[in-house]
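The numbering of the sequence shown is UniProt numbering, which starts it at 1 and goes up by one. Read through the structure below, which is laid out as C-alpha cells, and then see the notes.
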Amino acid sequence: MVQSSPTIPTSPRQTVPQSPDNAIEVPTSLPTVATEDLEEYDDDGDSAFGSAKSDATDTPSMTSSILKYREEYGRTYHAFGSTDHWGPNEEDAQEQQDMSHHFWSLILKGDLYVTPVNNPHRILDVGTGTGIDAAEQHPEADVKGIDVSPIQPSELLGSVPDWPKSYVKSFRALKPGGWIDCSEPGLYFESFFGTLGEGHPYKPWGTAMLEAENDAGLSFDVAPYIKGRLENAGFINVVEKKVCCTIGRWSQDPWEKEVGLWEQLRLKKGVQFFCDRRFINNRGLS
C-alpha cells in the first residue's frame, strides 16, 4: 500500500527579500525560518503566534518554565505559552522529530535554508525543535530560537492562530534587505499510479486531521497559502517551490528511495503523535 502511494507535501518554500535592492532570483526548497539583520521588535506576547512571555533568548538563558510539561492521555505536552500544540514531547516524540529533521535535511541536500544569506548578523529560528543547528552553523551570528517546548518540530502547521498577521509582524521586524525563509508540508496524499482512491485510509485520515485542527483554531492547511500571504504582507520577489516526496522505497531513483524510506519511518512512528490530542479533544474520538 505504502510503496505505491507517494505523498505530495506541496511544501512551498519562499525565499523573499524585503527590499528591491536585493531582488535576486534563487532556487528554493524546504527548511527553518532564517532572517538576516533582524530588527528589534518589542512585543512580549504576540497573538499571531500564540502568546508567551519568557526571558529565553538563547540556549544558556532558557528559563525553567519551558521545561514544565502537562500530561494528557498518558503523554506529556508543553505547558509554555497559550497555543495548544498538537505534538507530545516525551522521548519517543523526540526521536520522531529527529527522524523528521533528517528527512528535511535530505530534501534540502544538507542545508538548513536556501536564502542567499552571507555572513548573517542576526537570525530568528522559529520552531527550533530538538536542535540548535542554525546557531552551530553560524557561530558569528546572534541566533534566537523560539519554540513552545525544546523539542517541537520545525514545521509550524497546527501551531499559529493567525498566519496573515504573523507574516505582517515578520515583515515589520525585518530590515530592508532581510530575508524570510518558510517551509511547511501539505496534508494531501496523491498517487502516481491512480491507486489512492477515495476509499484509501489516507483520504479520511487527512480530512479528519484538517477538520480537527480547524476546530482547534490552528490550521494544518498552510502550505498552499504561504506565497499569497507573504505577498499580501508586503514581501516582494516571492519564490515558491513544491517538492514531491515518495513514501517507501519503491522508487528506482537512489535519492527518492532514501527520502521515501525516511518519510515512511517518520510517518509510521509519528501518526499517533499527530492525532491523539486533536482527535480526542476536538473530535471526540478515542
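We put the beta carbon where it would ideally sit given N, CA and C, even for glycine. None of the values given here were measured: they were computed from a predicted structure.
Item                                                                                                                                                       : Value
Can you find a CB in chain D that lies within less than 9 Å of the CB of residue 268?                                                                      : No chain D is present in this structure, which holds just one protein chain.
Quick one: what's got a C-beta closer than 6 Å to residue 265's C-beta in the same chain, skipping five residues either side?                              : 99
Around the C-beta of residue 113, are 16 or more other C-beta atoms found within 10 angstroms, so that it is buried, or is it exposed?                     : buried
Any chance the segment 189-206 sits against the segment 252-264, with 3 or more Cβ pairs inside 8 Å?                                                       : no
Under 8 Å, with one C-beta from each stretch per pair, do the segment 204-219 and the segment 165-173 reach the 3-pair mark?                               : no
For residue 273 and residue 94, which I take to be in contact (beta-carbon distance under 8 Å), what is that distance rounded to the nearest angstrom?     : 10 Å between Cβ atoms; not a contact.
Would you call the CB atoms of residue 210 and residue 221 closer than 9 Å?                                                                                : yes
Would you please state the rounded distance, in angstroms, between the beta carbons of residue 184 and residue 226? I believe it to be under 8 Å.          : 6 Å
Whole angstroms are fine: how far does the CA of residue 228 sit from the CA of residue 92?                                                                : 36 Å
By the DSSP assignment, the beta strand (DSSP E) with residue 247 in it spans what residues?                                                               : Careful: residue 247 lies outside any beta strand (DSSP E) and carries neither H nor E.
Report the rounded CA-to-CA distance for residue 117 versus residue 133, giving the unit in angstroms.                                                     : 16 Å
DSSP three-state label for residue 222, please.                                                                                                            : coil
Compare the Cα-Cα distances from residue 164 to each of 233, 139 and 280 and report the closest residue.                                                   : 233
In the DSSP assignment, what residue or residues form a beta bridge with residue 145?                                                                      : 125
Who are residue 192's beta bridge partners in DSSP?                                                                                                        : Answer is none; residue 192 lacks a bridge partner.
Under a Cβ-count criterion, where at least 16 other Cβ atoms within 10 Å of its own Cβ denotes burial, should residue 160 be classed as buried or exposed? : buried
Tell me where the alpha helix (DSSP H) around residue 215 begins and ends.                                                                                 : 202-215
Is it true that the CB of residue 123 sits closer than 9 Å to the CB of residue 138?                                                                       : yes
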